[in-house]
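For the sequence shown, the positions run 1 to 327 when UniProt numbering is used. Each remark here refers to the structure printed beneath this line.
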Amino acid sequence: MIALAAGSNTKAQILESLQVGREEEVHRVFHQLLQELSQPREDLQLSLGNALFIKPIVHIHDAFLSAVRTLYLADTFPTNFEDPEVARKQINDYVAKETKGKIVDLVKSFDGTEVMVMVNYIFFKAKWETSFDSKNTQKHAFHVTSEKVVRVPMMRREDQYLYLQDRSLGCKVVGVPYQGNATAFFILPSEGKMGKLEASLHQETLRKWLKTSTKRKLLLYLPKFSIESSFKLENVLPKLGIRDIFTSHADLTPLTNQSNIWVSEMVHKAVVEVDESGTKAAAATEVTFAFRSALMSSQTIMFNRPFLMFIVENAENILFFGKVTHP
């Protein structure tokens, strides 16, 4: 969505980081994905959307507003950024409502120089296809590091699961289905292999796992856990080549003719909770524009050390990706 607001080299950096040639293709794909994921479902909750909070006295081009509403189904709201606390509360209340209370305090503070805030959010809630029996949940050791061990509630269930062992990356992958058309995949690296796995992981790897995993009888031990993480993307995206938009070199003329505007802050926050019944997950990103100023014997797999996970919908749409280091 931010590519719509950018021009010249600023836009080129964004498109290059996405590894796409034509901007129109980016917007078409995201629009199609939004429409597909926004369809009502009986067995799981999945909601996502975008919103713009705009300072009324700043003129935002009609063409830009029309494009974000059409392509990204974005809501727009007038916002009084001259009263930072009122603006902060308006945005945080909106995000909390849309993520069913899972994302709170996305925005920590404003300084009054803001002219527009972009927010996108996603909320996912689903029950396991077969729930874990809470009577089987017991405390087990979880090796946070080679020196640190904690005892955590570990769920247990023997069943047929999607499974594969990737010997080249040194990991095992287990897929646990939800009701509806979604699956959580848990990735357990061999001891000492987490760094290698993270360095080698990319989208093509995940898609290969989705295609090659097969059903196998497993005795699965999986900890109950909750992940909450927050990232300042203005510290991350420059490493991917997106630099100008955070500096005085930003070209945002498709957004407004107002001079001296750049992205001052970009925050992404995600929450994932996993227990016997299923998973609740939510993520939100805030972008602030401011004035420059198969039957076999059971194999036991225990996730008792740091592991990765991702949630996939419709066998292809990756909704969340995370790392569990301390349940």
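Yeah, the Cβ is synthetic: ideal placement off N, Cα and C, and Gly gets one too.
Around the beta-carbon of Ile-311, 16 or more other beta-carbon atoms lie within 10 Å, marking it buried. If you ignore the 5 residues before and after Thr-212, its C-beta comes within less than 8 Å of the C-beta of Leu-164, all in its own chain and listed in chain order.
Contact between Leu-222 and Phe-303 is confirmed by a C-beta separation of about 5 Å, below the 8 Å threshold. Contact between the segment 200-219 and the segment 258-273 is not established, with fewer than three Cβ pairs separated by less than 8 Å.
Separation of Asp-75 and Ala-199 (C-alpha to C-alpha, rounded to the nearest whole angstrom) is 37 Å. The segment 82-90 makes contact with the segment 106-124; the number of CB pairs closer than 8 Å reaches 3 or more. Per the coordinates, the alpha-carbon of Pro-78 lies some 8 Å from the alpha-carbon of Leu-52.
Cβ-Cβ distances below 8 Å link Asp-244 to Asn-9, Thr-10, Gln-13, Ala-250 and Asp-251 in the same chain, with the five nearest sequence neighbours on each side left out; the list follows chain order. Secondary structure at Pro-40: coil, using DSSP grouped into helix, strand and coil. Look at the segment 298-323 and you find these whole runs of beta strand (DSSP E), each 3 residues long or longer: 299-302 and 307-313. Under the DSSP assignment, Ser-230 falls in the beta strand (DSSP E) whose first and last residues are 225-232. In the assembly as shown, Glu-286 is a buried residue. Its beta-carbon has 16 or more other beta-carbons within 10 Å.
DSSP places Ser-134 in the helix class (H, G or I) of the three-state scheme.
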